[in-house]
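Peer 1: Take this structure first; my questions come after.
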Amino acid sequence: MKPTPRWSLGLLGFGFLPLLVLFFLHLWKLPEYQFFPQALAGAGFLAWDRLREVPRPMVGGHPALSAALLLVSFAVLALAVFIWSPWLAIVAAMPAGIAVVWRVGGAPLLQKMGPSLVMVLTIIPPPIGLDVRLGLFLREAATTLSSRTLDLLGVVHCVTGNVIELPGQRLLVEEACSGINSVLFVTAFSLFYLFWRRRSFWCFLVCLPAALAFVVMGNVARISLGAWLRYYYRVDILNGWQHETESIVLVAVYVLLVVSLEALFPRGKCVAPKSHPPRRETSTSRVIFPPWFHTVCCLFAVLGLLSTIIAWNKSKATVEPLRAANSTLTSEAAFSLPDRIGDWSRSESGPPKVSKIETLGLSSAIWNYQRPGMQAVIAFDYPIWSYHDVAECYSRNGWIIQKKDIVVPKNGSPPRFQLTMKKDPGIQGTLWFSTINEKGEWVDQATVKHDFISRLGLPESQQETTYRVQLLLVGDKPPDAASFEAANYLFEEASAILSREMLQQVRR
Amino acid sequence: MKYPSDPSTVMESKRPAPSFWIKLPAILAIAFCLALGVSLLRWNPDIMSLRYQAIAQKALDEKDYPAAIVAANRLLGFGGASRNDGLFLLALANLGSGRTAEASSIIDMVAPLDKPVFAPAHLFVARTLMARAYRSPQVERAIEAQLRNALALQPDSVEARELLARFHTQK
């Protein structure tokens, strides 16, 4: 039986399917990318809209280019399966898609499908954490601009990291307030709308940055208004349902502004087609793929089968520990540290409020220890989904990180991050933290591996439940060598005790 | 109004040019962004620093310590010449709100015994120590050192001279 093009394309699609499903499942966990179903629908609509404008009969492109693109796609997909990266799989799907489009309709079809491909690009998180960096930049910008706006409004406040402090109150400028979620959605919407309206390059050049400016200014206005209302009238609009409502209203306003901005451009600049072929001629069933195409599609399908098996094994391997961790550690878990560790003794009082320890996770157990002239806080945060660098939390709360090192002791103690920080007014902080997973592996060292794959900073790296031990030492001056060693010893002892207790309770 | 049944044919349908009302939100938003942008560009740290110094001082006078702490912290954020002012005001605000440990650690920064740093802080410490009913020899030495530090920074300070004279008279 001779394979039909549809059958071959089905096999090609199956090659990507398992990893793409995982990719979209991961994407759904990221609030800033939860617009992806709309973006895909938009891409589909644009493709359907443009398909009928392609001159008939369609003339397929040269098979050599298709072959080259499929080869690239296969290599990238194989790498994706090997290192288990759903992100690489969607990257691999792009050249494969282009190869098929090229083979079906050549340059005219590819040109018409361009907008759809651009739309798909908006839902692929960039590598090396560029979107995270953008989020941090936007958060800083939103905080700084809001602070200056509050100065204009006469609101007495100060800024520490991403926290705006009012007399007796603190406002944390979170990711949602920084506008990162809105930025990606508004960018995708602007692209869709301008493509649909067939706007010129110049219109894109003006509208896209303007839309981003609207988002930034909208969030500055939201934060400033919230702080102003709280300062003068004690009205809180930055939390609870008010915050959610504002977010929805703001997104609606951004959409309206994009539509409105587009209307400012003269209509004569639209590049609308004069006529279209009838829709019944859009069938691609007559497209003839070269004989090798079916073989290549079978190879893709083999990769798809391999991915399915790997995914099945991975799901079986990870479900049990996670279930155990959830059932044991969220309800019954108890952690304790002795009253004395070396020359450190437990104390009830902690360091001043200004230098409180930053915790993250569903639960955090905290112990205060002291020795003459020194005070330290130990925290055990759990369970944390995936790896989280707690240094970000300290930066967000006004600490300036002067030095950050990964320390790998030779005595078998856990590798740990060691941070030297400072904060106004003249507070010096030293922080140690280590992260352990449910298998009892200390994972901090793995996060700073400088191999090629790590440097790519691919999204959806290994997801696991982790537990973090941290020790914060604060004082007016950096600790001397003896104090440093004492704190280091306290951290090692506490890490050993807490990790042992955690593993016992997970395995019970 | 009759809509086309096929959404993709909207482009080809003969619609009138967009009305002024649909353009208005973008015009207003651009105007708002420009106005806010110009206002933010005119923001001057020196002026703000002076303003926050006055706010912190006023809040201290009115015993509104939470406001004074926030204003002093903001003053610290401007850095530069206003940093010692900010630290001193923050110490006073912490003292007023009962956070003595934090206040004393800040005072140690702006009024150390071994070197002159900030004259008003040295004078404040000297005055506070002189107000004690019983003064140990150590406190006596501290008062003298604080006053000398203040005079090193402000040789013409009438208050420092007067306090030093009173200190020696009492001795």
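Quick note, the sequences are listed as chains X and H, same order.
Just so we're aligned, residue 188 is where the first sequence starts under my numbering, counting upward by one.
Just so we're aligned, residue 5 is where the second sequence starts under my numbering, counting upward by one.
No residue lacks a Cβ here, since even glycine has one placed at the ideal position from N, Cα and C.
1. Fully enclosed by the stretch 542-626 of chain X, which alpha helix (DSSP H) runs are 4 residues long or longer?
2. Val129 of chain H touches chain X at which residues, Cβ-Cβ below 9 angstroms?
3. What are the uninterrupted segments assigned as beta strand (DSSP E) that are 3 or more residues long and contained completely in the stretch 390-421 of chain X, given in chain order?
4. Quick one: give me the first and last residue of the beta strand (DSSP E) that Ile351 of chain X is part of.
5. Would you call the CB atoms of Val305 of chain X and Leu378 of chain X closer than 8 angstroms?
6. Could you give the distance in angstroms between the alpha-carbon of Leu257 of chain X and the alpha-carbon of Gln615 of chain X?
7. Distance, Cα to Cα, Phe36 of chain H vs Tyr581 of chain X?
8. Within its chain, find whatever has a CB closer than 6 angstroms to the CB of Ala552 of chain X; leave out the 5 residues flanking it on each side and keep chain order.
9. Along chain H, which residues have their Cβ under 8 angstroms away from the Cβ of Val346 of chain X?
10. Can you give the Cα-Cα distance for Tyr220 of chain X and Phe210 of chain X, rounded to whole angstroms?
11. Kindly say whether Leu91 of chain H, judged by its beta-carbon, lies nearer than 8 angstroms to any beta-carbon of chain X.
12. For Ala115 of chain H, which residues in the same chain have their Cβ closer than 6 angstroms to its Cβ, ignoring the five residues on either side in sequence?
13. Quick check on Leu339 of chain X - is its C-beta less than 8 angstroms from some C-beta in chain H?
14. Specify the secondary structure class of Arg78 of chain H as computed by DSSP and reduced to three states.
15. Is the CB-CB distance between Arg237 of chain X and Met281 of chain X below 8 angstroms?
16. For Val162 of chain H, count the other beta carbons within 10 Å of its own beta carbon; 16 or more makes it buried, fewer makes it exposed. Which is it?
17. Closer than 7 angstroms: is that where the CB of Pro205 of chain X sits relative to any heavy atom of the ligand SAH?
18. Quick check: the stretch 249-266 of chain X against the stretch 190-198 of chain X, are at least 3 beta-carbon pairs closer than 8 angstroms?
19. Rounded to the nearest angstrom, how far is the Cβ of Arg386 of chain X from that of Phe452 of chain X, given a contact under 8 angstroms?
20. Here's the rule: buried if 16 or more other CB atoms are within 10 angstroms of the residue's CB, otherwise exposed. What is Glu352 of chain X?
21. Would you tell me roughly how many angstroms separate the C-alpha atoms of Ala294 of chain X and Leu32 of chain H, rounded to the nearest one?
22. Which of the three DSSP states is assigned to Leu437 of chain X in this structure?
23. Verify the CB distance criterion: does Ile26 of chain H have a CB-CB separation below 8 angstroms to chain X?
24. Please go through the same chain and pick out, in chain order, the residues whose beta-carbon is closer than 7 angstroms to the beta-carbon of Ile3 of chain H, but skip the five residues on each side of it.
25. How would you call Asn48 of chain H, buried or exposed, if buried means at least 16 neighbouring beta carbons within 10 angstroms?
26. In chain order, what residues of the same chain lie with their CB nearer than 8 angstroms to the CB of Ala674 of chain X, ignoring the 5 residues before and after it?
27. Which runs of the beta strand (DSSP E) at least 3 residues long sit entirely within the stretch 116-140 of chain H? Give them in chain order.
28. List the DSSP bridge partners of Arg527 of chain X.
29. Which residue comes first and which comes last in the beta strand (DSSP E) that contains Leu660 of chain X?
30. To which residues does DSSP link Gln356 of chain X through a beta bridge?
31. Which residues of chain H have a Cβ atom closer than 7 angstroms to the Cβ of Arg454 of chain X, listed in chain order?
32. For the beta strand (DSSP E) that Val346 of chain X lies in, which residues bound it at each end?
33. To the nearest angstrom, how far is it from the Cα of Arg417 of chain X to the Cα of Met52 of chain H?
34. For Ala234 of chain X, decide whether its Cβ has a neighbour in chain H, counting only Cβ atoms nearer than 8 angstroms.
35. Using a Cβ-Cβ cut-off of 7 angstroms (strictly less than) and excluding sequence neighbours within five positions of Arg193 of chain X, which residues of its own chain qualify?
36. Within its chain, find whatever has a CB closer than 8 angstroms to the CB of Ile588 of chain X; leave out the 5 residues flanking it on each side and keep chain order.
Peer 2: Reading from the atomic positions:
1. 578-583
2. None at all; the shortest Cβ gap to chain X is about 16 angstroms.
3. none
4. Val350 to Leu353
5. yes
6. 56 angstroms
7. 34 angstroms
8. Phe522 and Phe567
9. Arg78 and Gly81
10. 11 angstroms
11. yes
12. Ala125, His126 and Val129
13. yes
14. helix
15. no
16. exposed
17. With respect to small molecules bound, the structure shown includes none, and the ligand SAH cannot be examined in it.
18. no
19. 7 angstroms
20. buried
21. 42 angstroms
22. helix
23. yes
24. Here chain H comprises residues numbered 5 to 175, so residue 3 of chain H is not present and cannot be evaluated.
25. exposed
26. Met561, Ala563, Thr617, Trp619, Leu658, Leu660 and Pro666
27. none
28. X:Ser532
29. Thr652 to Gly662
30. X:Leu353
31. Ala21
32. Cys345 to Thr347
33. 21 angstroms
34. no
35. none
36. Ala578, Tyr581, Ser582, Leu606, Thr607 and Met608
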